[in-house]
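Structure first, then comments.
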Amino acid sequence: MTPKEILFKYWNYSSFKTPQEEIISSVLEGKDTLAILPTGGGKSICYQVPAIIFDGLTLVISPLIALMKDQVQNLKSKGISTAYITNEIDQNTIGKILDDCQNNKIKLLYVSPERLQNRTFVDRLKQINISLLAVDEAHCVSEWGHDFRPAYHRISRLKTILPKVPILALTATATEKIQQEIVEKLELNQPDVFKSSLKRENLSYNVFLSADKKNDLIYYLKKYPGSSIIFVRNRKLTYEIAIFLSQNGFDADFFHAKLTKDEKEQKQQDWMLSNSRIMVSTNAFGMGIDKPNVRTVFHIDLPQGIEAYYQEVGRAGRDEQESYGIYLYNPDDRIQAENIFKANLPSQQDFIKIGNCLFSQLQLAEGELTEMNYQLDIPKFTEKFGLNLKMVLQFLEFLNTKEVIQQKNYSQNSSIQILASPHSINLNENRIFDYLQRHYPGIYTYNREISESKMAFELHMSIGDIRNSLHEYAKNGSIDYSDRFLARFRFLVPRDSNAFKNKLWKDFESIQVNNWKRLQAMAYYAEQNTICRERLLFGYFNQKSDQNCGKCDVCQSKKQNENFNSSDLIEYLKEGTKTQAEILSKFINSPKDKIVEELQYLIDEMRVQPIGFDSYKLIE
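Here it is in structure tokens:
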């Protein structure tokens, strides 16, 4: 079958989007290819169609477990043999999947980049007929990008065992510098490069000044009804805003990285099946989840950078219906974002001190390199040496990115499986086991993600006491406990104090300076109100345009609104005293700023009288 025939048979589309067909042709010709397509621009079809045509396996490297599961489920529903491998799957099942790949029973296999650190897996790849290596979210290879994943650097090592297999690298967000780094780090050989316009005709970008973000959310959610994502900066806000919206009649839920796997999957499933549910989330939500009918994406805090902002807003409107990205901005947002950035940023003195304390704790001498796998209890380590916990976490993450250390199986959440027989545990005497059994069904059968802080709160114990007890149970074989506070790693290079003081510090400083510039670019985008949002956004990615979008808040503010004036307001107030919320709701299809402006005009002209805090009546 031809690519177009496959597209119609499996996806029921009669034609490709530009430049999908050209990308597929490049891949089928066996060329290395770099594809830069907008969020929602159909990147996955660029490797899924060739995968069906090729005789061998298409190996897809993806950083997102949610994307793997979503796409595998979707492809299987179309009758395309597909599988994924994650740490959630037992070794026997993984072996069976790889056997099926070797026997040409599977067309696409999705894995994370970290899977390439597994020697057994890489050895099995040598026995499989692989036709294509697809690298999704390829910007993760860049240290200067907003989503750097060190394991992406190891992808190029597959070239030694798969020298003739073409690579397709895909991303939605890449500046010129990051594009160059993708080519270099993935060792793409004279790649064909395809760049699609970032423009999405149905999506508008808006920044509205807000002194009352919660009530402004209600206003815009009523104005643009439908499914929505609201991005906030921390877990506490996800609860607060979801509860606030629920109390005001909206179908709202919350999501963050510390939820258990089961909780995440249930919330995602409920949201996917709803046409109106609102998800209040940290940036942990939505990547790789293809929900076409998202009408609005809100930000109520300053995003970390334009790359992240563009990707997050791009989750709206994949059904090509009118959709909106709305940032409810307040000047304090920038101050808060800058303060948070600086508060957790180690100085050179802090950086060197953390390094020296780490080597002292591990008793590693200058110039020494061991094969030992270390375990570091991070809370105890920071308390012992009087260090900042977030700085230590940032320091270890940096060492991992620079391949000074290799971290093992880091997870946002701890997990437990009870190994002891239920009959051997006296639940009346052991509150922890009783709690685990009641709150985590299936914990005797497989590992369940748990929250030590939630357990400590409900059992009236400290987190330290909970962890100590769990480690004791693990020592005597009663449970299998993976503690997220316990960093597991080994050193890849000898201790070099001079490198920590000079080269490593300079590298760390350069990355933080780049992160600071990214934050400032986002702040400028939000604060300015003269340049079309879309033009400014696309210019950041080196896509220049002479045309204004005509739809963003900046463009709309330059248009005269002929559909609303003070006479409309007077007619409505003749009905009696109205609150500001009632007035805004009545004229919900008119710009909020225009309504407030006309209301203030009538007050100044003594035609309308303010009553109390937020009500107004007509002066007869």
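Residue numbering for the sequence shown follows the numbering used here, starting at 175 and increasing by one per position. Glycine is no exception: its CB is placed at the ideal position from the N, C-alpha and C atoms.
Notebook entry, point to check: Quick check: the stretch 363-382 against the stretch 228-243, are there 3 or more CB pairs under 8 Å?
Noted result: no
Next item on the list: Excluding the 5 residues preceding and the 5 following residue 388 in the sequence, name in chain order all residues of the same chain whose CB lies nearer than 6 Å to its CB.
Entry: 418
Notebook entry, point to check: So residue 615 is in the beta strand (DSSP E); what residue range does that whole segment cover?
Noted result: Residue 615 -> no beta strand (DSSP E), and no H or E assigned at all.
Item checked: Contacting residues, own chain, Cβ-Cβ under 7 Å from residue 762 (five flanking each side not counted) -> 396, 397
Checklist line | Delimiting residues of the alpha helix (DSSP H) encompassing residue 416 | finding: 409-421
Notebook entry, point to check: Sorted by chain position, which residues of the same chain lie with C-beta nearer than 7 Å to residue 291's C-beta, five sequence neighbours on each side aside?
Noted result: 325, 328
Next item on the list: Please classify residue 691: is it buried, with 16 or more other beta-carbons within 10 angstroms of its beta-carbon, or exposed?
Entry: exposed
Checklist line | Whole runs of the beta strand (DSSP E) within the stretch 362-410, excluding any shorter than 3 residues | finding: 366-369, 377-383, 401-405
Next item on the list: Give the single residue among 773, 551, 296 whose Cα lies nearest to the Cα of residue 742.
Entry: 773
Checklist line | Inside the stretch 582-668 only - beta strand (DSSP E) runs reaching at least 3 residues | finding: 588-592, 622-624, 653-656, 660-665
Margin query: Taking 6 Å as the limit between beta carbons, can you name the residues of its chain near residue 795, skipping five residues before and five after?
Written below: This structure leaves residue 795 out entirely; the chain is present only between 175 and 794.
Check: Relative to the alpha-carbon of residue 658, which residue among 707, 245, 636, 590 has its alpha-carbon at the smallest distance?
Finding: 590
Next item on the list: Using alpha carbons as the reference points, say which of 466, 473, 197, 528 lies closest to residue 365.
Entry: 197
Item checked: Cut-off 7 Å between Cβ atoms - residues of its own chain near residue 295, not counting five sequence neighbours on either side -> 289
Check: Counting along the chain, where does the alpha helix (DSSP H) carrying residue 285 start and finish?
Finding: That residue, residue 285, is in no alpha helix (DSSP H); its beta strand (DSSP E) goes 282-285.
Next item on the list: Put residue 338 into one of helix, strand or coil per three-state DSSP.
Entry: coil
Notebook entry, point to check: Taking DSSP as the reference, what is the three-state secondary structure of residue 784?
Noted result: strand
Checklist line | Distance between residue 468 and residue 714 (C-alpha atoms, nearest Å) | finding: 25 Å
Check: Terminal residues of the continuous beta strand (DSSP E) containing residue 306?
Finding: 304-309
Notebook entry, point to check: Would you say residue 340 and residue 206 are within 8 Å of each other, going by their C-beta atoms?
Noted result: yes
Next item on the list: Could you say if the stretch 445-456 and the stretch 399-419 meet the contact criterion of at least three C-beta pairs nearer than 8 Å?
Entry: yes
Check: Start and end of the alpha helix (DSSP H) containing residue 698?
Finding: 677-701
Notebook entry, point to check: With C-beta atoms as the reference, is residue 349 less than 8 Å away from residue 210?
Noted result: no
Margin query: On the DSSP bridge list, what partners appear for residue 807?
Written below: Any question about residue 807 goes unanswered here, given that the chain covers just 175 to 794.
Check: Residues bridged to residue 792 by DSSP?
Finding: 782
Margin query: Assess contact between the stretch 313-323 and the stretch 273-285, defined as three or more Cβ pairs (one per stretch) separated by less than 8 Å. Is contact present?
Written below: no
Next item on the list: Buried or exposed for residue 335, please, with buried defined as at least 16 other CB atoms from any protein chain shown within 10 angstroms of its CB.
Entry: exposed
Next item on the list: Could you tell me the distance, in whole angstroms, from the CA atom of residue 557 to the CA atom of residue 531?
Entry: 12 Å
Note to self: Here's a check: name, in chain order, each residue in its chain whose Cβ is nearer than 8 Å to the Cβ of residue 617, leaving out the five neighbours to either side.
What the structure shows: 590, 591, 592, 610, 611
Notebook entry, point to check: Quick one: what's residue 551 bridged to in DSSP?
Noted result: 660
Margin query: Relative to the C-alpha of residue 214, which candidate in 474, 184, 494 has its C-alpha closest?
Written below: 494
Check: Which residue from 524, 721, 308 puts its Cα closest to that of residue 208?
Finding: 308
Notebook entry, point to check: Nearest to residue 595 by CA position, among 474, 767, 251, 652, is which residue?
Noted result: 652
Checklist line | Nearest to residue 724 (by Cα), restricted to the options 378, 238, 299 | finding: 378
Margin query: Can you tell me which residues form a DSSP beta bridge with residue 259?
Written below: 285
Note to self: Rounded to the nearest angstrom, what separates residue 780 and residue 791 at their Cα positions?
What the structure shows: 11 Å
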